[in-house]
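Residue numbers (my numbering), protein chains in the order written: chain A, 13 to 252; chain B, 13 to 252.
For reference, the structure is listed below as structure tokens.
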DNA sequence: TAGTGGTCTAGACCACGGA
DNA sequence: CCGTGGTCTAGACCACTAA
């Protein structure tokens, strides 16, 4: 956070973190109390608290009012996948807009968008390419709004959440992903220059506004020989 | 974080968050300065800073020293997948330990574990079942340590990171996931009670210690008709 | 009762940015 | 120059926990 790492509170946090990371303080054990640290460093309590706050936020410590601070057990339960559009889940990819049209929603599409079957939906079809060739087909759906032409430029270069947010003139609140495996259909395989029946990743993304209403849906199929998703899990939020 | 939501700093944060969420403060705009909030609420600067700190940590605001606080643009780039073992990526699953044995590492396994081919590796094979039947096969590998019998009880109920950490007597630092799509092999399909050539999710997990050394590797194949991974992306870390 | 963390105050000095 | 946020102080009162 701070550019200068020379702050005293920062030093307090580093020292405590070091004790935790080297096993001098084990999960479940009590960390030094605030007053002990005030004493040890010869600084004021608020400064000590600022340092401890970094470790609490980072998941290293948790506090029990009336008792003290305890060392938290590391946990690797949350996988984080970097889905920045320009890097396409960690890899550089060239995005090409193939087609924009409108379709009438069938039952499944209507269910996803929480609208009625027969509703008019805007559809965008994109291809993602790496140097080796086509990697994925992405099909994105937005509610159709007449009199609001979308700029193809934007469609091609902005990521889906941004397009959907601008299209609906709202702020996005949440995005939900579903990741599965499918066999490529004939047309999909053709577009991806491979054989039908090849295994592919299928990544669906549903966008919601603050009211929990769906703003857009996308379905992407990826040649699994050219692309795998990667994610990491860290026990701590690195802040110190 | 705090049990009582009646703290003044908490109120400051809530009020600012409300302004951001309702569009009264737009991304890129400058938030009220600390001194303005001191004035407006009639409280001291440190209390104001505590409130603002919640929003900064939550990703609502960022500070530019010498200038002020700005409203951050919401970003949905980080997908979070809850991989708690007992819920198996969000779904309840019965885990059965099928076999524990030792194998000699072939080239690919040796590469994953960063050891030499021919090295002895401990292998655990598990099956995951839902009410509908078998869902996934999980094969886990740990470096073999003689004289350290693993308790089958633990193997069955503890999650892989915990087993690996205890086995190697270290603290885990990181876990890396690779998610792809594969076609089920004959034996896999048989164990999963389906046909060879069915599409399946393949989730690999590599565990590292603090020195970046691999501590364990697992490969799981999941019937995609019975299981899909789900993840969410939130623009903000909810703290207020 | 003594110790803990949670909240809050009213100051202070600093580095940085912009007019 | 003044306003901004970043750091730090030396107190205070509170609710809670444990002995």
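Each residue gets a CB set at the ideal place from its N, CA and C atoms; glycine is no exception.
Values in this document were obtained by computation on a predicted structure and should not be read as measured data.
Alpha carbon of residue i to alpha carbon of residue j, nearest angstrom
i	j	result
residue 137 of chain B	residue 74 of chain B	47 Å
residue 38 of chain B	residue 84 of chain B	8 Å
residue 196 of chain B	residue 113 of chain B	23 Å
residue 72 of chain B	residue 63 of chain B	12 Å
residue 4 of chain B	residue 131 of chain B	Examination of residue 4 of chain B is not possible in this model, given that chain B is present from 13 through 252 alone.
residue 222 of chain B	residue 187 of chain B	11 Å
residue 67 of chain A	residue 50 of chain A	16 Å
residue 247 of chain B	residue 128 of chain B	44 Å
residue 249 of chain B	residue 20 of chain A	27 Å
residue 157 of chain B	residue 181 of chain B	11 Å
residue 24 of chain A	residue 78 of chain A	22 Å
residue 82 of chain A	residue 40 of chain A	6 Å
residue 230 of chain A	residue 217 of chain B	27 Å
residue 58 of chain B	residue 31 of chain B	21 Å
residue 170 of chain B	residue 86 of chain A	14 Å
residue 76 of chain A	residue 45 of chain A	11 Å
Neighbour flag for residue i against chain A, beta carbons, 8 Å
i	result
residue 123 of chain B	no
residue 136 of chain B	no
residue 107 of chain B	no
residue 178 of chain B	no
residue 190 of chain B	yes
residue 211 of chain B	yes
Counterpart residues of residue i in DSSP-defined beta bridges
i	result
residue 141 of chain B	B/106, B/146
residue 212 of chain A	A/194, A/235
residue 280 of chain B	Because chain B is modelled from 13 through 252, residue 280 of chain B falls outside the range shown and cannot be assessed.
residue 124 of chain B	DSSP output for residue 124 of chain B lists no bridge partner at all.
residue 220 of chain B	B/186, B/226
residue 116 of chain A	A/132
residue 80 of chain A	A/76
residue 153 of chain B	B/135, B/229
residue 111 of chain B	B/137
Cβ pair residue i, residue j closer than 8 Å
i	j	result
residue 183 of chain A	residue 177 of chain A	yes
residue 212 of chain B	residue 194 of chain B	yes
residue 104 of chain B	residue 139 of chain B	no
residue 219 of chain B	residue 179 of chain B	no
residue 145 of chain A	residue 205 of chain A	yes
residue 149 of chain A	residue 203 of chain A	yes
residue 70 of chain A	residue 42 of chain A	no
residue 235 of chain A	residue 107 of chain A	no
residue 96 of chain A	residue 238 of chain A	no
residue 240 of chain B	residue 191 of chain A	yes
residue 92 of chain B	residue 185 of chain B	no
residue 29 of chain A	residue 252 of chain A	yes
residue 189 of chain B	residue 243 of chain A	yes
residue 90 of chain A	residue 94 of chain B	yes
Residue i at chain B interface by Cβ criterion, 8 Å
i	result
residue 245 of chain A	yes
residue 20 of chain A	no
residue 59 of chain A	no
residue 197 of chain A	no
residue 226 of chain A	no
residue 23 of chain A	no
residue 193 of chain A	yes
Residue range of the beta strand (DSSP E) that includes residue i
i	result
residue 65 of chain A	Segment 57–70 is the alpha helix (DSSP H) holding residue 65 of chain A; no beta strand (DSSP E) there.
residue 225 of chain B	Unbroken run through residue 225 of chain B: none, as it is neither H nor E.
residue 94 of chain B	90–94
Residue interval of the alpha helix (DSSP H) (run including residue i)
i	result
residue 43 of chain B	Here residue 43 of chain B belongs to no alpha helix (DSSP H), and DSSP marks it neither H nor E.
residue 241 of chain A	Run containing residue 241 of chain A: none in the alpha helix (DSSP H); it sits in the beta strand (DSSP E), 241–245.
residue 28 of chain A	20–33
residue 178 of chain A	172–180
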